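Down below is the structure, laid out as structure tokens.
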Ligand code: MV4
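Numbering (our numbering), first residue to last: 2 to 658.
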């Protein structure tokens, strides 16, 4: 086994690889860009080297620099993760030339899968089923039209060197063909610099089912069941699960054996994935092969109990596969969702910013979180905005779905827009529970996936105000003061404090008056009796007899209330006013420990009710101390800049009569 490896990647996959390497006693060298100097993968590694500026081209794609660091640090092998250099045959070749082991397949295997049409040629010869079509070199339009008519309609045109669904055109009948061909060729040329196309019968409701394969240097090759990745958005996987629902053991065996044949056809070694289109009638067709460890490998790990990174390290270091096909079993059901920094309500625009608050569900045998970030990290615009993969396992699919929904509720992120809410809606879809899966799932259910949710804004704003009240009280707890524990806000009457909040550009005011522990909340004329307690970020509140438990985070003036999986962000206007309802106060006292910011009146001043007398600051918030009635300021006890204690008399005031 290796003693030291270099991980040529970042984020969750770099962390994931380091975890297993450390379990095996292997030392890890990380590489990082300027944007990642403090990243989790850098801290987890035993040592780390700076590659260069943030853009990938100047950092994680610098094959030359990475190999230099590998040699310098004495790493015997490089794990490329996924993306970046993982399927770059030039990099794999350069590793070989530098005498560093590439933890991945042999160079010719990467090369063989690079072209779609060449890959299909190889698979045809190997007897792996393909969608009927034409993958040949003759690109004469008249010939292609003849072939198209033979294949039949609907038909799909694909760019031979394309990817990610670009350059694809559905042709519904013979009359549409020539125009569609011209369009596909134009798009292919623009997108991939090559206008070669292939065509296939178009499957209208396919599922994406892929097989995890593994091969070693002794000619052994096995499959580790399948993953259903049908739920995608613009060719980006959103949910993956294993095993595929409604997939029989016979189908698993047939597809698994076809995938192993595919791997053997290109003398594969290491971890690979063979993607199939799985048609409604149970037939399946080779789509492409990915010559790397995939993002969604954890669902396979959860149902097989195997560590696939460990398998990669074993195979790359020249050892045989740890299990034979007969020894590979599956147990239960696993589901993964990809938690992204993006805005589902604005066409999934990638989001960036600071993860001001980040809480993950607790890991257990049922729940796994693979992530490369911690609270207060930035999601930068330079890389894929995936925050984490959330993976759950349970005995069966129904239970796994329940686990997932609970885990999504326990996942809380503030500071950056994210898809947690969207993921919850997906997993909550009745059609998902019924496993009515195919590649059009999101499109088909977009109405309910994107409909405005039933909002609990009213309750959320009450909870935000309660949080602010309790937070201020706890921040001002003073052992000396008997007031601190119970009443908080006192002039001489039942005190009321108002919390001006802004929710989605609309202001809403919540006033809270307290008598001991009993609170009374007023919002838009509606009075809600309440009690509440705050422990850390957990707010327990009883609102008019309804006991609720929510989490709240605050970052600067943004208060985020998490009610189940829904986050409500309020802007708290820090200029807060304390009010008194009636009667004369002989003295006005400080509502908390703080600093006098400004004295707005002079000794002897005649003031009117509501006029600001003093401004105090505590916990970065300002409070105006106002005249309770018309009257006279007899005496001022503090000046700007003075520190005052909670309860201290600020001035002497005589109300007019
Ligand atoms: C297809 C297909 C239907 N029929 N081929 C999309 C990306 C590419 N690599 C293959 N893709 C498809 N090929 C035939 N003959 C439908 C798709 C497809 C798809 C496949 C898997 C997952 C999501 C998809 C979304 C749209 C279209």
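Glycine residues also receive a C-beta, built at the ideal position from the N, C-alpha and C atoms.
Source: prediction; values computed, not measured.
Helix or strand or just coil, what does DSSP make of residue i?
i: residue 45; result: helix
i: residue 640; result: coil
i: residue 3; result: coil
i: residue 378; result: coil
i: residue 12; result: helix
i: residue 91; result: helix
i: residue 412; result: coil
i: residue 584; result: Any reading at residue 584 needs caution, since the residue's pLDDT is 39, under 50, leaving its predicted position unreliable; the model's value is listed next. Three-state DSSP puts residue 584 in coil, outside helix and strand.
i: residue 66; result: helix
i: residue 82; result: coil
i: residue 509; result: strand
i: residue 344; result: strand
i: residue 632; result: strand
i: residue 111; result: helix
i: residue 219; result: coil
i: residue 305; result: helix
i: residue 101; result: coil
i: residue 366; result: coil
i: residue 138; result: coil
i: residue 590; result: strand
Excluding the five sequence neighbours on either side, which residues of its own chain have a C-beta within less than 8 Å of the C-beta of residue i, listed in chain order?
i: residue 443; result: 232, 233, 234, 239, 427, 450
i: residue 64; result: 86, 89, 91, 92, 95
i: residue 266; result: 123, 124, 126, 127, 129
i: residue 27; result: 2, 3, 4, 5, 6, 314
Got a sec, what are the start and stop residues for the beta strand (DSSP E) residue i sits in?
i: residue 573; result: 567-573
i: residue 58; result: No beta strand (DSSP E) holds residue 58; DSSP gives it neither H nor E.
i: residue 241; result: 237-243
i: residue 279; result: 271-279
i: residue 650; result: 650-656
i: residue 428; result: No beta strand (DSSP E) holds residue 428; the alpha helix (DSSP H) holding it covers 421-429.
i: residue 601; result: Neither: residue 601 is in no beta strand (DSSP E) and is coded neither H nor E.
i: residue 619; result: 613-619
The ligand COA and residue i: does any heavy atom of the ligand fall closer than 8 Å to the residue's C-beta?
i: residue 202; result: No copy of the ligand COA appears in this structure; the ligands present are the ligand MV4.
Given the structure, does residue i come close to the ligand MV4, in the sense that its CB is under 8 Å from one of the ligand's heavy atoms?
i: residue 198; result: no
i: residue 207; result: yes
i: residue 169; result: yes
i: residue 236; result: yes
i: residue 295; result: no
i: residue 231; result: yes
i: residue 132; result: yes
i: residue 440; result: yes
i: residue 289; result: yes
i: residue 157; result: yes
i: residue 354; result: no
i: residue 319; result: no
i: residue 154; result: no
i: residue 286; result: yes
i: residue 165; result: yes
i: residue 69; result: no
Closer than 6 Å by C-beta to residue i: which residues in its own chain qualify, once you throw out the five before and the five after it? Chain order, please.
i: residue 212; result: 224, 227, 256, 257, 260, 275
i: residue 178; result: 146, 149, 172
i: residue 278; result: 204, 207, 286, 288
i: residue 284; result: none
i: residue 21; result: 308, 310, 311
i: residue 167; result: 192
i: residue 298; result: 309
i: residue 457; result: 564
i: residue 661; result: This structure gives no information on residue 661, because the portion of the chain shown stretches from 2 to 658.
Tell me the DSSP bridge mates of residue i?
i: residue 543; result: 532, 548
i: residue 394; result: 335
i: residue 156; result: 172, 202
i: residue 291; result: 274
i: residue 351; result: 343
i: residue 500; result: 511
i: residue 595; result: 645
How far does the alpha helix (DSSP H) with residue i in it reach, from first residue to last?
i: residue 212; result: Unbroken run through residue 212 is the beta strand (DSSP E), 208-216; no alpha helix (DSSP H).
i: residue 191; result: 178-193
i: residue 460; result: 458-476
i: residue 449; result: 447-451
i: residue 455; result: No alpha helix (DSSP H) holds residue 455; DSSP gives it neither H nor E.
i: residue 118; result: 117-127
Residues in the same chain with beta-carbon distance under 7 Å from residue i, minus the five sequence neighbours each way, listed in chain order, please.
i: residue 421; result: 340, 409, 412, 414, 566
i: residue 165; result: 236
i: residue 118; result: 136, 161, 197, 199
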